[in-house]
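Chains as they are written, first to last, in the working numbering: chain A, 1051 to 1165; chain B, 25 to 134. Cβ atoms here follow ideal geometry from the backbone N, Cα and C, with glycine treated the same way.
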């Protein structure tokens, strides 16, 4: 158990809908990362937050947004869902930033299926 | 941004043999190189990492080497066991991002 908690574990929704994925980082970790994993794209970095502020942005679509709350948990919001958004979404956390060489710990992921 | 290439995409080895996975990165400023193991239905788990000021690191049957000049790093698994079967990802960090290779599916044949 990495200590990173993600909910829900599985989610099936229809195209055009909106979903929210939730992540609780490891105790004491200030950085939260979101990754998308699909069969043909591997692990794609979406976004990182550090202590409530956006730190880095990757290949995150405009239909997607995220935030980190004062209690350090994070949510990834996916809207106007398309079939191609079906993937495994991982949250990860680290004590500080990757720049410092901190270990990133991954949660078990949230399986999103868009039908 | 950083681009990480990983080879091979699949690797089948006989139990007890060694497995080697190689990765290259594009940005010489990258300074941290972790390796993750992902089992079916689970999240990636860190197995070993190396920083840019170190050329080699070993942890029991697993070792990683880094060649900064050539911008490549490798994972070596010796005396492979069935439980080593999984997908392995290399990664390289640049500033605040960790970029992953495409993964190597390792199958250890009994």
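query: Tell me which same chain residues have a C-beta within less than 7 Å of the C-beta of residue 105(B), skipping the five on either side of it?; result: 39 and 132
query: Alpha carbons only, please: which of 1107(A), 1133(A), 1160(A) and 1117(A) is nearest the one belonging to residue 121(B)?; result: 1107(A)
query: Mind listing which residues of the segment 71 to 94 of chain B have their C-beta closer than 8 Å to chain A's C-betas, in chain order?; result: 73 and 75
query: Rank 102(B), 124(B) and 52(B) by C-alpha distance to the C-alpha of residue 37(B) and give the top, closest one.; result: 102(B)
query: Give me the subset of the segment 37 to 54 of chain B whose CB atoms are less than 9 Å from a CB atom of chain A, sorted by chain position.; result: none
query: So, using beta-carbon positions, are residue 59(B) and residue 118(B) closer together than 9 Å?; result: no
query: Would you kindly report the start and end of the unbroken beta strand (DSSP E) that includes residue 81(B)?; result: 80 to 83
query: Which same chain residues end up closer than 6 Å to residue 81(B) when comparing Cβ atoms and leaving out the 5 residues on each side of it in sequence?; result: 74 and 88
query: Using CA atoms only, rank isn't needed, just tell me which of 126(B), 97(B) and 134(B) is closest to residue 1086(A).; result: 126(B)
query: I need the boundaries of the beta strand (DSSP E) containing residue 91(B), first residue and last residue.; result: 86 to 91
query: Less than 8 Å between the CB atoms is what I'm expecting for residue 67(B) and residue 1140(A), so what's the real figure, rounded?; result: 6 Å
query: Check residue 119(B) in the structure and name its three-state DSSP category.; result: coil
query: Measure the Cβ-Cβ separation of residue 1130(A) and residue 1113(A) and say whether it is below 9 Å.; result: yes
query: At 3 residues or longer, what runs of the beta strand (DSSP E) sit wholly inside the segment 33 to 71 of chain B?; result: 34 to 38, 43 to 49 and 56 to 62
query: Measuring alpha carbon to alpha carbon, tell me which of 52(B), 33(B) and 56(B) ends up nearest residue 111(B).; result: 33(B)
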